[in-house]
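In what follows, a structure is listed as structure tokens, so that the remarks can point back to it.
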Amino acid sequence: MPGTAPPSFEEGKTLFDNRQYDDAIDRFRKILRQDPACSGAHHYLGRSLLEKQLGDEAVGEFVAAIRSNPSDGNSRYWLAQILLERGNVADARSLLYEAIRLEPGLLHHFTDTITSSLMKQCTFAETEDFLKSAAAILAAVPSVKAGSSDLSRSRAQLIAALGELYFSKGLLNGAMLQYRQATEICPEEPSYHAKLADIYFITNNDEDSVTEYRTAIARDPKNAGLHKRLGDALVKTRRFIDAFNEYREAVRLEPENEFLRKVFSQFRTLFIDSSDSSAQHEPEKPATLPVMPSIADETFQKIIRGGENEFVEFKSSALWSKAFSKEDIGASESRDVHKYGRDTSKIVIAKTIAGFLNTEGGNLVIGIRENRSGSPNEIVGIEKDYPRLRDPCADGYRRMLIDEIIRKFLPSGIFNHLGRYIRIHFMKAEDHTLCWLEIRKADDAVFVKIQDDELFFIRIDAETRQITDKALVDYVRKRFP
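Quick note: to get this note's numbering, add 5 to the position in the sequence shown (first position is 1).
If you want it as structure tokens, here you go:
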């Protein structure tokens, strides 16, 4: 801690480190009576008071520490955390930017707490803006200003925090890019490889997920959860003996974990005990892969439990209007049904996809009926749409979405680069099949082509809205410069 400190200051720090906070408070107050300008004593008195839940007094001490030593970044970090918890976001952000410039190597001690507080107090855009701005400040800091390892660690944590922000909203492409960068900056950190592997697993980059899980395990070999997740990835790539060994290792590491034991027992029953082969040989491979609980299921469950928001939209069906008769259309109270007839339900899906493409991306889940009365949403599945398909199955549903909605109503640039912008998954929930479209933000403005019109949609809160005229021009200029 910069600043002149008497010999008794070290005694106070020892008391603090030993969690003797009352004695530390007495010692630092004694020091400050003798030397009111001792910034180190103000700092540690503030931290001691904070440990005793005396937040107001702690604020005063951190302010005094900064006043005594204007280059004190550490006190700024602590003061910013208190202000964030109290909802004073503007002042907290200013303090954090100053702290990062002054002592960038300390940031990694605070990143998790700061990010968590920002996500509670701020909008997604505000949190994203802070993390990006802080990362830019760190990138401009000369490595000589802080230890290069601490600086790299702080940068990687900020980038990973941005990745986690995207992941929490189901924005998997953005999360993938951030975690990939974090692994490049700090290749020895297993959690970054593990999270990148999770994202690869969810997005069906199966070989990449296996590679990243193995990299994470090489750095954290006693992590039972990593062995279980590698087993899941190996099942997807049909390497069943390798998967068996990973599940077995997970149970060996955590023998009391009932979930791991259940997964291992289920897998052994499916692949080993039912096979004439010993565990030394490849067991007979089933025609379809087993349903094993995985990180993809956990992520999807979080999305649907979180309800609709700016990044999530639920639809009960993509084909509810396909079988409408002329009488049904005439009796409908919907202007869209009168205008678009049997194509209405597909156009609704196209508008929603376009809204996500034109904003920040997001997730469209088909097969959930939203109950606006406050009661839980109802999982109805997409099975009722199957009889309306040429090929009544999940693959037929995928083809319908691509050929009859994306190709028909969206620009050719989206269809021609479908894998870049839209991923289609089929997930199980409450014995129903749901269709999950993971949508990333587009590089260019996306207009929906409906009959003779080209319409532009964006996401605002939990709604897809059309914008026109000056609002459209201003939005496109700002969003797609």
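We treat Cβ as the ideally placed atom computed from N, Cα and C, and that holds for glycine.
Sub-7 Å separation of residue i and residue j beta-carbons
i, j, result
"Arg428", "Glu443", "yes"
"Thr274", "Lys356", "no"
"Phe485", "Asp449", "yes"
"Arg81", "Glu103", "yes"
"Leu265", "Ala255", "yes"
"Phe352", "Tyr345", "Per the sequence shown, residue 352 should be read as Ile rather than Phe. Taking 7 Å as the Cβ cut-off, Ile352 and Tyr345 qualify as a contacting pair."
"Ile204", "Met181", "yes"
"Val146", "Pro109", "yes"
"Gln456", "Phe462", "no"
"Gly372", "Ile387", "yes"
"Lys307", "Leu258", "no"
"Ala166", "Thr120", "yes"
"Ala63", "His47", "no"
"Val370", "Trp441", "yes"
"Ile190", "Ser153", "no"
"Gly236", "Tyr218", "no"
"Ile36", "Ser13", "yes"
"Lys454", "Phe414", "yes"
"Ala97", "Leu88", "yes"
"Ala399", "Phe420", "no"
"Ser321", "Arg403", "no"
"Ala202", "Ser214", "yes"
"Gly17", "Arg34", "no"
"Thr132", "Leu123", "yes"
"Val451", "Ala359", "yes"
Residues that DSSP places opposite residue i in a beta bridge
i, result
"Leu2", "Limits of the chain in this structure are 6 at one end and 486 at the other, which puts residue 2 out of reach."
"Ser437", "The sequence given here places His at residue 437; Ser does not occur at that position. Answer by DSSP bridge pairing, in chain order: Ala434."
"Asp458", "Ile455"
Residue i in three-state terms, based on DSSP
i, result
"Gln306", "helix"
"Phe329", "coil"
"Glu16", "helix"
"Val317", "strand"
"Gln471", "strand"
"Glu261", "coil"
"Arg374", "strand"
"Ile384", "strand"
"Arg464", "strand"
"Phe414", "helix"
"Asn421", "helix"
"Ser154", "helix"
"Lys57", "coil"
"Arg91", "coil"
"Gln86", "helix"
"Pro486", "coil"
"Leu4", "The question about residue 4 has no answer here: the residues shown for the chain are numbered 6 through 486."
"Glu217", "helix"
"Asp396", "coil"
Where residue i falls, given that 16 or more other Cβ within 10 Å makes a residue buried
i, result
"Glu318", "buried"
"Arg234", "buried"
"Glu289", "Because Glu289 carries a pLDDT of 49, less than 50, the predicted location of this residue cannot be relied on, and the following value inherits that uncertainty. Exposed, since its Cβ has fewer than 16 Cβ neighbours within 10 Å."
"Gly377", "In the sequence under discussion, the amino acid at residue 377 is Arg, which differs from the Gly named in the question. Looking at its Cβ environment, which holds fewer than 16 other Cβ atoms inside 10 Å, Arg377 is exposed."
"His343", "exposed"
"His113", "buried"
"Asn368", "buried"
"His198", "buried"
"Arg24", "exposed"
"Asp479", "exposed"
"Glu15", "exposed"
"Gln183", "buried"
"Asn79", "buried"
"Thr349", "buried"
"Gln39", "exposed"
"Gly45", "buried"
"Thr19", "exposed"
"Cys43", "buried"
"His232", "buried"
At least three beta-carbon pairs within less than 8 Å, the stretch 205-218 to the stretch 474-483
no
Contact the stretch 347-364 vs the stretch 167-175: 3+ CB pairs below 8 Å:
no
Given 8 Å as the limit, is there contact between the stretch 391-398 and the stretch 335-346, that is, 3 or more CB pairs closer than that?
Taking 8 Å as the limit for Cβ pairs, the verdict is that the stretch 335-346 does not touch the stretch 391-398.
Assess contact between the stretch 313-333 and the stretch 217-232, defined as three or more Cβ pairs (one per stretch) separated by less than 8 Å. Is contact present?
no
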